[in-house]
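**Student:**
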Amino acid sequence: MSELRIGAHVEQTDPIAEAQARDAPLVQFFLGNPQSYKGPVLAYEGGPEKLRADAEAAGVDLYVHAPYLINVATTNNRQRIPSRKLLQQHMDAAAEIGARGLIVHGGHVTDDDDPAKGFDNWRKAIAATDIKIPLLIENTAGGTNAMTRYLERIAGVWAAIDGTEGADQVGFCLDTCHAHAGGNPLDTIVDDVLRITGRIDLVHCNDSRDDFDSGADRHANFGAGRIDPDLLAAVVRDAGAPVVCETPGGAAEHLADFAWLRERL
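Counted the way the numbering used here counts, the sequence shown spans residues 1104 to 1368.
(1) Within the same chain, show all residues whose beta-carbon is closer than 8 Å to that of aspartate 1223, passing over the 5 residues directly before and after it, in chain order.
(2) Looking at the unbroken alpha helix (DSSP H) that takes in glutamine 1182, where does it start and where does it end?
(3) How should arginine 1252 be labelled, buried or exposed, when 16 other C-beta atoms within 10 angstroms of its C-beta is the threshold for buried?
(4) What does leucine 1277 pair with, by DSSP beta-bridge criteria?
(5) Grouping DSSP H, G and I as helix and E and B as strand, with all else coil, what is phenylalanine 1222?
(6) Rank Trp1225, Pro1170 and Gly1149 by C-alpha distance to the C-alpha of glutamine 1138 and give the top, closest one.
(7) Does the Cβ of leucine 1289 have 16 or more other Cβ atoms within 10 Å, making it buried, or fewer, making it exposed?
(8) Please classify glutamate 1114 as buried or exposed, where buried requires at least 16 neighbouring CB atoms within 10 angstroms.
(9) Hey, quick one: how far does the beta strand (DSSP E) through leucine 1205 stretch, first residue to last?
(10) For alanine 1197, does the count of other Cβ atoms within 10 angstroms reach 16, so buried, or fall short, so exposed?
(11) So alanine 1158 and isoleucine 1119 are supposed to be a Cβ contact under 8 Å. How far apart are they, rounded?
(12) In this structure, does DSSP put aspartate 1164 in helix, strand or coil?
(13) Going by the CB atoms, is the gap between leucine 1368 and alanine 1336 shorter than 7 Å?
(14) Please return the same chain residues whose Cβ sits closer than 7 Å to the Cβ of glutamate 1121, not counting the five positions on each side in sequence.
(15) Is aspartate 1341 near valine 1293, with beta carbons less than 7 Å apart?
(16) Quick one: measure Cβ to Cβ for cysteine 1280 and serine 1311, integer angstroms, because I've assumed they're closer than 8 Å.
(17) So which of Ala1156, Gly1142, Ala1258 and Glu1148 has the shortest CA-CA distance to threonine 1300?
(18) Are the beta-carbon atoms of leucine 1239 and glycine 1204 separated by less than 7 Å?
(19) List the endpoints of the continuous beta strand (DSSP E) containing glutamate 1241.
(20) By how many angstroms is the C-alpha of alanine 1355 removed from the C-alpha of tyrosine 1140?
(21) Taking the alpha helix (DSSP H) that glycine 1259 falls in, what are its first and last residues?
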């Protein structure tokens, strides 16, 4: 798969330079603090229009990861309402820089809640959001009442948003560490997800420091974790989508991970 487009999660100050240091055609980054409700902040000198133009000139695709705090599924108004606002702010900012997608975690409801409430809150969030670029919902690793840890919950989200205005712009980001730690066999995960969503728009290819079904979201460099190397390569091969490595380290470590993965494809 010499045509495989593979990049990494990087610091956002100069994502073009980060991409070039990795000889990567795409990068992913946060816009601001991923643990804050304060809204997106673009650090790139020259602002959003300059970043968009420079990325296009360099042939680098940009992906934005939304803050971890966003949880549009929750029944807690004090979290859900700010989450919707923050999601729209990051959607607007990501569209302004010409990002190919905005990745957001599936969120969760409390252990006492009916998951159906979370599904319906996702429907309301999609209806309320002006979706300007693909919104890629990512599977997550932990939580018994998470919206996108288990396949049946992912199916619940997709069934709930089906037919909602903007749903055609909702895609899926498949994280290998999250799938493994969440208890979803990687040998069938691509087919399972495609059966539910009809699409995989991006792969977060990460090894896992923890065992299958551990519920722990801790990434590892390829070959240093608990996932069978052949399974990691098979997911990438079968998904046929661009790849972002969210593995530890900087350019040197990421280049080693890219080479490790390409050798197995």
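In this text, a Cβ means the ideal position worked out from N, Cα and C, and glycines have one as well.
**Tutor:** Straight from the coordinates:
(1) Excluding sequence neighbours, aspartate 1223 sits near Ala1263.
(2) Start and end: 1180-1199.
(3) Counting Cβ neighbours within 10 Å, arginine 1252 comes out buried, since at least 16 surround it.
(4) In the DSSP assignment, leucine 1277 is bridged to Val1306.
(5) For phenylalanine 1222, the secondary structure class from DSSP, reduced to helix, strand or coil, is helix.
(6) The shortest C-alpha separation from glutamine 1138 is found at Pro1170.
(7) Answer is buried; the Cβ neighbour count reaches 16.
(8) By the neighbour-count rule (16 or more Cβ atoms within 10 Å), glutamate 1114 is not buried but exposed.
(9) Unbroken beta strand (DSSP E) run through leucine 1205: 1204-1208.
(10) Burial call: buried.
(11) Right, their Cβ atoms sit about 6 Å apart.
(12) The three-state reading of DSSP puts aspartate 1164 in strand, counting E and B together.
(13) Their beta carbons are under 7 Å apart, which means alanine 1336 touches leucine 1368 by this criterion.
(14) Val1113, Glu1114 and Val1130, listed in sequence order.
(15) Valine 1293 sits close to aspartate 1341, with the two beta carbons spaced by under 7 Å.
(16) Cysteine 1280 to serine 1311, Cβ: 4 Å. Contact.
(17) With distances taken between Cα atoms, threonine 1300 lies closest to Ala1258.
(18) Yes, these two residues count as a Cβ contact at 7 Å.
(19) First-last of the beta strand (DSSP E) with glutamate 1241: 1238-1241.
(20) Distance between the alpha carbons of tyrosine 1140 and alanine 1355: 32 Å.
(21) 1254-1264 is the extent of the alpha helix (DSSP H) around glycine 1259.
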